[in-house]
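Structure first, then comments.
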Amino acid sequence: MRRIAILAALLLACDAEDPPPGDVIGTFDFVATLEPAGECLLEDVPGIPASFRFSAILSHDPATGKLWLRAGSTEQTGTIDGARFTVKTPAQGGGIPRTFDACTVARRQPCAFEVVETIEAEILSDCPSDFVALAEDLPCPEMLDDGSLVWHNCACIRGTLEELLRFEPKGDEVCTCAGRTQTDAFAGACRLLYRLEGEKR
Numbered sequence: 460m461r462r463i464a465i466l467a468a469l470l471l472a473c474d475a476e477d478p479p480p481g482d483v484i485g486t487f488d489f490v491a492t493l494e495p496a497g498e499c500l501l502e503d504v505p506g507i508p509a510s511f512r513f514s515a516i517l518s519h520d521p522a523t524g525k526l527w528l529r530a531g532s533t534e535q536t537g538t539i540d541g542a543r544f545t546v547k548t549p550a551q552g553g554g555i556p557r558t559f560d561a562c563t564v565a566r567r568q569p570c571a572f573e574v575v576e577t578i579e580a581e582i583l584s585d586c587p588s589d590f591v592a593l594a595e596d597l598p599c600p601e602m603l604d605d606g607s608l609v610w611h612n613c614a615c616i617r618g619t620l621e622e623l624l625r626f627e628p629k630g631d632e633v634c635t636c637a638g639r640t641q642t643d644a645f646a647g648a649c650r651l652l653y654r655l656e657g658e659k660r
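End of the sequence shown = 660 in the numbering used here, gap-free, step of one.
Shown next, in the form of structure tokens:
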């Protein structure tokens, strides 16, 4: 599993044997695929994966709209409204420290990046390949007569995973990144956008 901020350095450690908090939505196998826009120098840098996979359990508290995403022994929180959810890591404060071999300051020291990672996605009853066609006869989640929600009709997740990377120089530091096709100075911040697709087990 890659360092994905959400899954490696940013989540709160928890006992893997403890049951997930709240009501379980399901276990999903995810694939995140980079969608280069040509606006971020880091898209061209070795160490940025074109795609990566991970698995996670989603659960929620229907009374508060709180969501938990658990991957292995790590867990993070977000919010859910209906079938749409957001997870931001870290939830508050700065970012997660990160370096790349291809990005250095003077004396070949690595540039000190900070990463903020955000997942915005929707849980669906069908898995459209074009992100448009949805199965209207299979509500996700389904509401019972007593107002409670059940997730048995939910089969997949579609959304985005965005990484915001910032470099704040100390003094007159200049961060230079040697990419596959170009070498240039990294200016301030850039966004990496991944298409996120999850399939329920």
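Ideal placement from N, C-alpha and C gives every residue a C-beta, glycine not left out.
Predicted model, so just to flag it, every value in this text is computed and none were measured.
- Beyond the five residues adjoining it in sequence on each side, Glu-601 comes within less than 6 Å, by CB distance, of Val-609 and Asn-612 in the same chain, given in chain order.
- When the alpha-carbon of Glu-576 is set against those of Asp-631, Leu-655 and Leu-517, the nearest one is in Leu-655.
- Glu-502: not part of any beta strand (DSSP E); DSSP gives it neither H nor E.
- Separation of the CB atoms of Ala-648 and Thr-635 is rounded to 16 Å, and the pair is thereby denied contact status at 8 Å.
- No Cβ-Cβ contact shorter than 8 Å links Gly-553 with His-519.
- The continuous stretches of beta strand (DSSP E) do not include His-611, and DSSP gives it neither H nor E.
- Taking 8 Å as the cut-off, the beta carbon of Ile-578 is found closer than this to the beta carbon of Leu-620.
- Ala-646 and Thr-536 have their C-alpha atoms roughly 31 Å apart.
- Arg-650 is bridged by DSSP to Leu-623.
- Secondary structure at Arg-660: coil, using DSSP grouped into helix, strand and coil.
- Arg-543 sits in a strand when the DSSP states are folded into three classes.
- Around Ile-507, the same chain offers Leu-493, Leu-501, Phe-559 and Leu-651 as residues with beta carbons nearer than 8 Å, after the five sequence neighbours per side are excluded.
- The alpha carbon of Gly-485 has as its nearest neighbour, out of Leu-526, Cys-499 and Thr-642, the alpha carbon of Leu-526.
- Bridge pairing for Glu-494: absent [DSSP].
- Residue Ala-491 holds the alpha-carbon nearest to the alpha-carbon of Ala-515 among Ala-491, Gly-606, Ala-550 and Arg-566.
- Straight through space, the alpha carbons of Ala-561 and Ala-637 are spaced by roughly 5 Å.
- Residue range 525-530 is occupied by the beta strand (DSSP E) that includes Lys-525.
- The beta carbon of Gln-641 sits closer than 7 Å to those of Asp-503, all from its chain and outside the five residues before and after it, given in chain order.
- DSSP places Asp-631 outside any beta strand (DSSP E), giving it a letter other than H or E.
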